[in-house]
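Report on the following structure.
Residue numbers (our numbering): 109 to 341.
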């Protein structure tokens with residue numbers, strides 16, 4: 109039994125030595141606080157003093173990698189502990205880039221998180237299979253026709269997905285109850301803002317990145333005359 113305990117201790121020590129990042133968040137003075145922060149090449153943590161309202165009890169942690177992403181041969185291992193009733197946000201300044209491997213050199217990134225009692229769980233449960241969140245803001249007189257077209261397209265798309273006719277049958281033999289249970293793979297909304305609706309905000313939730321790219325390619329194609337090329341072409 110003693111031998112087993114020693115093996116466990118050695119295993120924990122080796123994991124700590126191998127980790128490129130370790131973070132512990134605990135309650136200090138009634139607020140979520142980083143009590144331990146360690147990182148080494150190629151990883152770096154940035155913890156801003158203030159993000160959002162001071163009344164919000166949340167620690168924000170930004171992860172950075174030297175070289176602007178995961179490069180050939182990088183091995184990144186993070187251990188995060190969030191104690192009872194604490195809140196932590198682990199994010200990046202932009203999407204993490206993964207560069208092409210050179211020869212047989214591979215890269216790996218491992219994230220271990222311990223959430224104790226009362227801690228906020230991961231965002232996956234709230235996202236419910238939606239993998240992509242996007243927002244597009246169109247503002248200004250030069251985009252008037254594009255804004256009108258986008259609004260019409262969004263209204264038509266969502267009415268086709270969400271509208272239930274009075275008859276019980278849907279195409280392909282689907283009933284109303286089937287339609288209620290089906291989760292749309294692409295959801296988009298559009299709302300105007302500013303004086304006389306000078307701008308619009310388009311919000312998108314989708315299950316695949318490709319579907320968002322296709323939507324943006326189609327909706328913003330009219331901007332080619334303004335930009336020289338079509339966005340997302």
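A virtual CB, placed ideally from N, CA and C, is assigned to each residue, including glycine.
Whether residue i touches residue j by CB criterion (8 Å)
i, j, result
"residue 306", "residue 247", "yes"
"residue 136", "residue 189", "no"
"residue 175", "residue 150", "yes"
"residue 194", "residue 258", "no"
"residue 293", "residue 314", "yes"
"residue 201", "residue 172", "yes"
"residue 178", "residue 128", "no"
"residue 196", "residue 224", "no"
"residue 309", "residue 266", "no"
"residue 215", "residue 160", "no"
"residue 250", "residue 187", "no"
"residue 330", "residue 254", "yes"
Buried/exposed call for residue i, threshold 16 Cβ in 10 Å
i, result
"residue 312", "buried"
"residue 281", "For residue 281, the predicted model reports a pLDDT of 49, less than 50, meaning its position is unreliable and no value from the coordinates is stated."
"residue 328", "buried"
"residue 220", "exposed"
"residue 252", "exposed"
"residue 206", "exposed"
"residue 323", "buried"
"residue 334", "exposed"
Any chain D beta carbon closer than 8 Å to residue i
i, result
"residue 261", "Chain labels in this structure do not include chain D; a single protein chain is all it has."
8 Å contact criterion, which residue i and residue j should meet: CB distance rounded
i, j, result
"residue 153", "residue 147", "5 Å"
- Just checking, does the segment 140 to 151 make contact with the segment 159 to 177 on the three C-beta pairs under 8 Å criterion? A contact exists between the segment 140 to 151 and the segment 159 to 177.
- Message: Can you confirm whether the segment 210 to 224 touches the segment 234 to 242 when touching is taken to mean that 3 or more C-beta pairs between the two stretches lie within less than 8 Å?
- Response: no
- Item | alpha helix (DSSP H) runs contained entirely in the segment 197 to 273, provided each spans 4 or more residues | 232 to 235, 252 to 270
- Message: For a minimum of 4 consecutive residues, which ranges assigned as the alpha helix (DSSP H) are wholly contained in the segment 133 to 158?
- Response: none
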